[in-house]
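Counting with numbering that gives the first Met the number 0, you get residues 0 to 677 for the letters of the sequence shown. In this text, a Cβ means the ideal position worked out from N, Cα and C, and glycines have one as well. Every value quoted in this text rests on a predicted model; they were computed, and no experiment measured them. Structure first, commentary second.
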Amino acid sequence: MPKKKTAPTQIKGFSKEFLRDVYRNYIRARFADEKMIIMIKQGKSFFHIGCSGHEAIQTAAATALKPGYDFAYPYYRDLAFVLRYGVTTEEVFLNFLAKADDPSSAGRQMSNHYGHKKLRIVSQSSPTGTQYLQAVGTALAAVKEGTDEVVYVSSGEGTTSQGDFHEALNWASRERLPVIFVIQNNKYAISVPIAEQTAGQSVYRLTAGYEGLTRYKVDGTDFFASYEVLVKAAEQARQGRGPILIEAETVRLLPHSSSDSQIKYRDKEELEREKALDPILRFEKELIDSGLFTAAELETFKKQIKQETDEAAERAEQHPNPDPETLTHYLYAPPEENADLEFEKKQPSGERTVLVDAINHALKEEMERNDKMYVFGEDVADRKGGVFTATYGISTKFGKKRCFNSPLAESSIIGVGIGMAVYGLKPVVEIQFGDYIWTAMMQIRNELATMRWRSANTWTAPVVVRVPVGGYIHGGLCHSQNIEGFFAHLPGIKIAYPSNAADAKGLLKTAIRGNDPVLFLEHKGLYRQSYAAAPEPDADYLLPFGKARVVREGDDLTIVTWGALVHKSLEAAKLLEKEGASVEVIDIRTISPLDTQTIVNSVKKTSKVLVAHEDTLFQGFGAEIGAQIAEQAFEYLDGPVKRLGGADVPIPFNSDLEKAALPQIDDVVDAARALLEY
Ligand SMILES: Cc1ncc(C[n+]2csc(CCOP(=O)(O)OP(=O)(O)O)c2C)c(N)n1
């Protein structure tokens with residue numbers, strides 16, 4: 000009698016149920032892509048960027064991880080990843096339609112920019128590559144906290160040309176952090192083929208030099224191969240055996256986005272060849288050939304999922320749009336988050352302390368108070384303790400776990416800081432000189448300053464960034480810049496610029512205890528000046544942001560100033576007093592928020608105002624103050640709003656030249672005198 004053939008129950012050890020779920024995820028993603036393209040044509044949304052062709056590697060990655068436990072930094076093409084991770088199809092459409100209930104951003108970000116607090120999908124912004132350093136920061140936080148959480152981060156192959164990618168590999172490899180880098184190589188970055196993008200046309204080979212990094216190259220259209228690698232990677236990362244890079248070869252079956260037309264730059268034959276590599280066709284064949292599924296069964300799944308997709312889209316359409324009244328919500332922490340901060344409890348009465356030491360003491364006291372606080376940057380650890388010694392003694396007192404040297408890479412410092420803050424730690428980082436903050440500008444402008452707003456208050460990144468700025472002590476062009484004018488233009492980040500030791504301590508403590516990102520500017524020329532020294536406040540002295548100080552009262556003219564020009568303005572006021580002029584000097588103390596009220600009140604009294612700062616004049620922050628005065632106190636003015644700033648040149652090294660470039664006491668006197676005589 001012929002032996003009866005028994006039906007298989009598994010493929011390669013995977014149960015029918017498991018494979019059905021994988022297949023269903025492929026189809027959910029594919030149908031969502033197709034539906035979104037239709038809805039774009041119907042004018043229901045404006046942008047779509049799809050995952051078609053990438054389903055296998057993405058589904059494998061999400062399947063190998065623990066949603067809601069492991070952190071994910073998925074890129075815009077990761078639809079199949081997020082669906083498998085737990086985002087519902089309806090939520091995908093809420094995001095696509097920019098609805099108020101969109102869990103990633105409440106309609107604030109472009110579609111397909113994912114984020115989901117409960118699932119630990121960190122809010123994703125648009126710059127290619129920034130996510131890598133943040134993923135490293137989150138992994139570092141997980142290690143510091145002693146957990147076995149793993150961090151997934153992905154991008155296309157084009158994005159691996161970004162410096163942030165290599166900085167991330169360096170940091171992750173250096174510390175053997177639990178990061179899984181998944182590079183989905185579809186061979187194009189918009190229209191640019193990998194041959195024009197990447198040395199050797201292989202990300203796998205390109206990254207060979209990072210010791211400690213485990214690398215795999217895999218066919219990303221093959222679920223079984225991809226899953227095998229991802230499981231190994233997750234296990235390795237979880238066991239603390241270091242980061243993993245996976246280059247997964249995929250096909251891009253759609254144009255780059257709905258704004259692109261790939262037939263302009265790809266041959267028909269090539270597109271046909273890629274269609275044949277569609278991971279869905281491959282998986283269907285494997286399922287049917289194995290005998291585990293019939294074609295009819297798969298058709299039934301498709302029908303069901305088609306209906307589910309249409310229904311999810313319809314439901315999402317019924318949700319409300321965001322209310323324009325909410326536009327400015329969550330740019331900063333809502334007041335209740337900072338409600339327990341008590342300001343100026345006791346006036347400073349300690350020993351006279353120089354500014355840099357006041358900073359140092361504030362850091363140490365806050366480290367003591369908050370074991371989630373971390374200090375890092377270039378050279379900050381002992382024995383050096385920072386190039387200005389602001390961090391001296393911290394690593395010795397609190398250990399190198401909590402105060403450590405970063406690589407010499409500013410974007411890394413901010414990106415890793417964001418990742419740690421997202422996790423719930425409090426990074427207080429140092430950028431060695433304001434002049435070198437520019438390589439971190441992308442992380443600051445598009446990531447740090449926007450995290451809370453763009454995720455509608457679900458993710459926050461309250462990193463404090465300390466930055467020595469300003470002229471003197473022979474810094475020349477690139478150790479002397481003032482930077483407040485650039486950063487004041489960024490909504491979402493607060494900026495302090497203290498002029499003396501007591502203010503520095505009080506403002507830094509407020510920055511550290513608060514829940515917003517803060518740029519904390521320290522004039523390096525004031526660090527050890529006796530005139531910037533002050534009686535030291537106690538450990539609980541907090542100064543509020545947005546509260547200017549009337550440093551000297553007067554009736555004839557107001558000088559609005561900050562940083563190093565506070566002292567020069569005071570000296571000028573003393574000289575002018577001898578001529579019979581009564582000059583009021585206001586130190587704004589924080590650039591953002593700005594205490595316009597104190598300025599306007601003073602101008603109402605004196606009717607004449609000079610805004611004086613060290614930064615170059617053209618488009619300096621003084622222009623903003625001048626404009627606000629013109630708007631709010633025009634009828635009280637008895638002369639033009641006058642500005643005094645640095646010459647519009649780089650800062651020279653030669654002392655005489657530098658003196659000529661930066662405003663001196665005489666310049667303040669001259670400007671004030673001209674106005675008094677007006
Ligand atoms: C820093 C930055 N530069 C440029 C862009 C515009 N841009 C968006 S996606 C993209 C191509 C990315 O290609 P790749 O990394 O290969 O991923 P793929 O889209 O092919 O999956 C570009 C140039 C951007 N978003 N960010």
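- For P126, the Cβ falls inside the 8 Å cut-off from some heavy atom of ligand 1.
- Excluding residues up to 5 positions away in sequence, A380 lie with their Cβ nearer than 8 Å to the Cβ of K399 in the same chain.
- For S153, the enclosing beta strand (DSSP E) covers residues 150-155.
- CA-to-CA, the gap between E195 and A361 works out to about 51 Å.
- Contact check for T158 against T206 fails: the beta carbons are separated by 9 Å or more.
- Assignment of H522 by DSSP, reduced to helix, strand and coil, places it in the strand class.
- A distance criterion of 8 Å places the beta-carbon of Y75 in contact range of ligand 1, judged by its closest non-hydrogen atom.
- 9 Å or more divides the Cβ of L286 from the Cβ of L244.
- Classified as buried, L569 has 16 or more neighbouring CB atoms from the shown chains inside 10 Å of its CB.
- Closest by C-alpha distance to V565, out of F180, I587, A510, is I587.
- Sequence-distant partners of K15 (beyond 5 residues in either direction) whose C-beta falls short of 6 Å from its own C-beta, in its chain, are L291.
- Taken in chain order, the whole alpha helix (DSSP H) runs of length 4 or more contained in the stretch 330-403 are 354-368, 393-397.
- When DSSP assignments are scanned along the stretch 529-583, the uninterrupted stretches of beta strand (DSSP E) that are 3 or more residues long and fall wholly within it turn out to be 548-551, 556-560.
- Taking 3 residues as the minimum length, the beta strand (DSSP E) runs contained wholly in the stretch 234-288 are 243-248, in order along the chain.
- Using a Cβ-Cβ distance cut-off of 8 Å, the stretch 32-40 and the stretch 232-250 are not in contact, since fewer than three pairs of beta carbons, one from each stretch, lie closer than that value.
- In this structure, the C-beta of Q130 stays at least 8 Å away from each heavy atom of ligand 1.
- Between I492 and G433, the gap from beta carbon to beta carbon reaches 9 Å or more.
- Contact between the stretch 139-148 and the stretch 210-225 is absent: fewer than three C-beta pairs spanning the two stretches fall below 8 Å.
- Non-local beta-carbon contacts of A311 in its own chain, meaning distances under 6 Å to residues more than five positions away in sequence, involve T88, E89, F92 in chain order.
- Bridge pairing for H165: absent [DSSP].
- In terms of CA proximity to E227, L64 leads the group L64, T557, K383, P323.
- Counting every other CB atom within 10 Å of its CB across the protein chains shown gives L82 a total of 16 or more, marking it as buried.
- Here DSSP, grouped into helix, strand and coil, assigns S124 to coil.
- Taking 3 residues as the minimum length, the beta strand (DSSP E) runs contained wholly in the stretch 603-661 are 608-615, 641-645, in order along the chain.
- Shown here, K98 sits in coil according to DSSP, grouped into three states, outside any helix or strand.
- Distances between the C-beta of S154 and the heavy atoms of ligand 1 include at least one below 8 Å.
- Taking 9 Å as the cut-off, the Cβ atoms of P516 and V462 count as close.
- For M440, the shortest separation between its Cβ and any heavy atom of ligand 1 does not lie below 8 Å.
- I279 and I10 have their C-alpha atoms spaced approximately 16 Å apart.
- Beta bridge pairing from DSSP links H115 with I120.
- As the crow flies, the alpha-carbon of A71 is around 5 Å from that of I120.
- Annotation for D554: S581, E583, K604, T605 place their beta carbon closer than 8 Å to its own, counting only its chain and skipping 5 residues before and after.
- Per DSSP, reduced to three states, the secondary structure at T220 is coil, with no helix or strand assignment.
- Per DSSP, E227 has no beta bridge partner at all.
- By the CB criterion at 9 Å, S257 and I48 fall inside the cutoff.
- S591: member of the beta strand (DSSP E) spanning 589-591, first to last residue.
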